[in-house]
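Novice: Take this structure first; my questions come after.
There are 2 protein chains.
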Amino acid sequence: MTSGGAARGPDVAELVARARDGQARAVARLISYVEGASPRLREVMAALAPYSGNAYVVGLTGSPGVGKSTATSALVTAYRRSGRRVGVLAVDPSSPFSGGALLGDRVRMGEHASDPGVYIRSMATRGHLGGLAWAAPQAVRVLDAAGCDVVLVETVGVGQSEVEIAGQADTSVVLLAPGMGDGIQAAKAGILEIGDVFVVNKADREGADATVRELHHMLGLGEARAPGDWRPSVVRTVAARGEGIDEVVEALEKHRAWMAERGVLAERRTRRAAREVETIAVTALRERIADLSGDRRLDALAERIVAGALDPYAAADELVAGVTEG
Amino acid sequence: MTSGGAARGPDVAELVARARDGQARAVARLISYVEGASPRLREVMAALAPYSGNAYVVGLTGSPGVGKSTATSALVTAYRRSGRRVGVLAVDPSSPFSGGALLGDRVRMGEHASDPGVYIRSMATRGHLGGLAWAAPQAVRVLDAAGCDVVLVETVGVGQSEVEIAGQADTSVVLLAPGMGDGIQAAKAGILEIGDVFVVNKADREGADATVRELHHMLGLGEARAPGDWRPSVVRTVAARGEGIDEVVEALEKHRAWMAERGVLAERRTRRAAREVETIAVTALRERIADLSGDRRLDALAERIVAGALDPYAAADELVAGVTEG
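Protein chains in written order, with the working numbering: chain A, 23 to 348; chain B, 23 to 348.
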């Protein structure tokens with residue numbers, strides 16, 4: 023061991039080099055830094071920055087039971103066939119456990135386990151200061167810099183987190199399955215608005231036609247659109263048999279090309295980066311203030327408030343000043 | 023009308039004077055400033071500061087159906103009998119609507135509507151930046167400064183918000199009712215830990231003895247305690263008939279005296295003020311950062327990140343610097 027200060031620099035640089043060299047362990051370590059909110063993250067992100075922005079980030083959302091994992095796995099197979107390096111980030115915003123929590127799903131992706139061109143990671147964000155909005159983009163950043171051409175971000179869970187994840191993707195895929203009343207659920211969660219590509223999975227089941235019809239209706243696909251507007255694709259799949267997956271990839275590539283052509287891709291990425299910065303900044307400030315709990319300065323302010331000598335806003339001003347100077 | 027700058031000062035001062043004079047409308051207006059997160063709040067809180075710290079703040083929590091409103095109303099009657107001025111704040115953290123949302127419950131308090139010594143207010147905090155933790159303490163501050171001797175804070179809703187409200191009270195009352203499986207629910211929500219006084223309401227119903235026994239057991243009331251420790255009181259009531267309410271008031275006074283004697287009251291209030299300041303400070307910083315969304319500076323930072331010329335942490339530093347200087 024060399025001294026702490028000297029050891030830290032080369033370590034991160036070496037980890038990044040190894041991750042870029044395709045070593046899964048190095049990638050795992052870097053994502054662990056994200057999950058654990060390591061103090062080294064700042065250094066890691068600085069080292070990754072020059073290698074950012076190459077991955078195409080696809081978000082996959084949908085209610086439990088629609089076959090998200092199976093569809094994700096089938097997409098990995100399709101992308102691998104064309105030689106692309108693929109990263110999969112399965113985010114479970116409701117679970118405080120990582121890795122093991124999603125093992126059941128991950129087992130289905132076992133076929134990719136020995137493929138060095140695929141990196142699969144489960145990630146839990148519950149209870150994390152800053153949560154999903156803080157952790158997921160940084161994990162994507164690791165996979166991107168590690169040389170993944172495509173990063174699939176699969177959300178386990180429903181509701182707000184799906185919308186949040188969609189905001190972090192270049193293209194958002196919403197999965198539905200027949201006979202689950204998904205159309206209505208989707209509308210409720212607001213994911214109809216965020217889907218660029220819709221996949222009706224388990225399309226060999228009864229009710230698939232009705233689900234597709236309902237989707238077409240709800241998305242207003244029969245209506246006229248402004249010439250520049252994206253018309254969401256609706257693709258039928260039977261992911262368990264790989265059916266329709268090439269069509270999904272095609273729909274994704276079409277959306278990506280459409281975005282690139284119109285500057286929408288750059289725009290989305292800029293907006294995403296802006297949100298990421300905001301989240302890091304807010305989290306940092308919250309942490310600095312939380313650090314002051316039990317601090318003598320905060321106690322002194324609180325005592326003056328209790329005595330009626332100070333109001334809470336004036337005290338907050340002093341606290342903010344103390345935090346931002348420190 | 024005088025000029026804006028000149029009109030604002032006297033206005034708030036006059037409102038505060040009227041509120042202290044017992045004018046319900048002035049109190050309502052001041053609490054509306056809290057609910058609406060008015061820019062005048064800062065001024066209002068400064069004007070109220072010298073009159074703070076006189077009210078005894080009692081939090082009332084419990085699952086829906088245990089009779090919180092009825093118990094609160096009965097407590098108001100008891101306190102009024104001894105000439106105390108009483109404020110009631112009914113907080114509904116799940117509702118985005120104020121006032122009207124809780125009308126059903128408030129009607130039951132109709133008997134106090136014409137009593138100038140009672141101020142009753144419903145308050146909704148959902149969707150508010152900062153939420154319950156931000157709004158409730160400031161509303162309590164208004165009622166306190168307006169001359170209420172006792173402020174009863176009733177939480178409509180369950181779970182985390184109950185614990186949060188309890189943290190804002192001098193004394194926390196947890197209400198239970200027989201046959202609702204409340205004992206177990208309470209343990210789950212962690213409210214056993216926060217209750218100073220437990221009320222088994224609807225004690226004329228079957229199962230009341232069992233609920234009291236279960237409570238005694240779960241609270242470990244049979245066990246030895248360190249001499250200085252507070253031993254939670256358990257009181258049976260039939261609030262709808264006013265039975266046992268004097269005993270609740272007695273238990274509250276006992277707890278208050280115990281706290282005052284040992285310095286616990288001052289300690290709780292200092293801790294509460296510290297949390298209040300923290301929340302205001304964090305909210306202010308979050309707002310300042312949110313104000314920058316769409317701001318050219320943030321966009322420029324985001325563009326540099328997308329280009330790989332900057333990492334998100336370095337960008338966050340610049341954002342924080344911009345916010346804290348501005």
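Positions of the beta carbon are idealized from the N, C-alpha and C atoms, including for glycine.
Under 7 Å Cβ-Cβ, which residues of chain A neighbour B:S74?
Specialist: G330
Novice: Below 7 Å, is the gap between the Cβ of A:M240 and the nearest heavy atom of the ligand SAM?
Specialist: No copy of the ligand SAM occurs in the structure displayed, which carries no ligand at all.
Novice: When you compare each of A:L70, A:V175, A:A48 and A:D43 to A:L97 by their alpha carbons, which one comes out closest?
Specialist: Comparing alpha carbon positions, the residue from A:L70, A:V175, A:A48 and A:D43 closest to A:L97 is A:V175.
Novice: Alpha carbon to alpha carbon, how far is A:G285 from B:A336? Give it in angstroms, no decimals.
Specialist: Straight-line Cα distance between these residues: approximately 26 Å.
Novice: With C-beta atoms as the reference, is A:A161 less than 8 Å away from A:V88?
Specialist: no
Novice: Identify each residue in the stretch 320-344 of chain B for which the Cβ-Cβ distance to at least one residue of chain A is less than 9 Å, and report them in chain order.
Specialist: Identification of residues in the stretch 320-344 of chain B having a C-beta nearer than 9 Å to some C-beta of chain A yields L320, D321, L323, A324, E325, R326, I327, V328, A329, G330, A331, L332, D333, P334, Y335, A336, A337, A338, D339, E340, L341, V342 and A343, given in sequence order.
Novice: What residues from chain B crowd round A:R308, counting only those whose CB sits closer than 7 Å?
Specialist: Here the neighbours are V304.
Novice: In terms of alpha-carbon separation, which member of A:I53, A:V222, A:A41 and A:H134 lies closest to A:G84?
Specialist: Closest by C-alpha distance to A:G84, out of A:I53, A:V222, A:A41 and A:H134, is A:V222.
Novice: Buried or exposed for B:S104, going by 16 or more other Cβ atoms inside 10 Å?
Specialist: exposed
Novice: Would you identify the three-state DSSP class for A:R102, choosing helix, strand or coil?
Specialist: helix
Novice: What residues match up with A:I142 in a beta bridge as DSSP calls it?
Specialist: A:V110
Novice: Using C-beta distances below 6 Å, list every residue in its chain close to A:G264, excluding the 5 sequence neighbours before and after it, in chain order.
Specialist: A96
Novice: Residues of chain B with CB closer than 9 Å to the CB of A:L111, please, in chain order.
Specialist: Those within 9 Å of A:L111 in chain B number zero; the least Cβ separation is about 17 Å.
Novice: Is it buried or exposed for B:G217, if we count other Cβ within 10 angstroms and need 16 for buried?
Specialist: buried
Novice: Give the DSSP-derived three-state secondary structure of B:T305 in the structure shown.
Specialist: helix
Novice: Taking A:E283 as the reference, give the member of A:D166, A:D251, A:V108 and A:R227 with the closest Cα.
Specialist: A:D251
Novice: Please work out which residues of its chain come closer than 8 Å, Cβ to Cβ, to A:D171, disregarding the five sequence neighbours upstream and downstream, and give them in chain order.
Specialist: N76, A77, Y78, Y101, R106, R107 and V108
Novice: Any beta carbon of chain A sitting closer than 8 Å to that of B:I311?
Specialist: yes
Novice: I'd like the span of the alpha helix (DSSP H) that includes B:L323, first residue to last.
Specialist: Start and end: R318 to V328.
Novice: Rounded to the nearest angstrom, how far is the Cβ of A:A306 from that of B:A338, given a contact under 8 Å?
Specialist: 6 Å
Novice: Taking the DSSP output, what are the residues bridged to A:G217?
Specialist: In the DSSP output, where bridge partners are listed per residue, A:G217 has none listed.
Novice: Expressed to the nearest angstrom, what Euclidean distance is found between the alpha-carbon atoms of B:S54 and B:V173?
Specialist: Answer to the nearest angstrom: the Cα atoms are 17 Å apart.
Novice: Using DSSP bridges, identify the partner residues of A:E265.
Specialist: A:V260
Novice: Which residue marks the beginning of the beta strand (DSSP E) containing B:S74, and which one marks its end?
Specialist: Element bounds for B:S74: n/a, residue is neither H nor E.
Novice: Among the residues of its own chain, which have a CB less than 8 Å from the CB of A:I267, if the five just before and after it don't count?
Specialist: Once the five neighbours on either side are set aside, the close Cβ partners of A:I267 are A93, A96, L97, T99, A100, T259 and A261.
Novice: For B:R247, which residues of its own chain have a beta-carbon under 7 Å away from its beta-carbon, when the five flanking residues on both sides are left out?
Specialist: Contacts found: R253.
Novice: May I ask you to report which of helix, strand or coil DSSP gives B:G122?
Specialist: Residue confidence for B:G122 is low, a pLDDT of 37 falling below 50, so the modelled location carries little weight and cannot support an answer.
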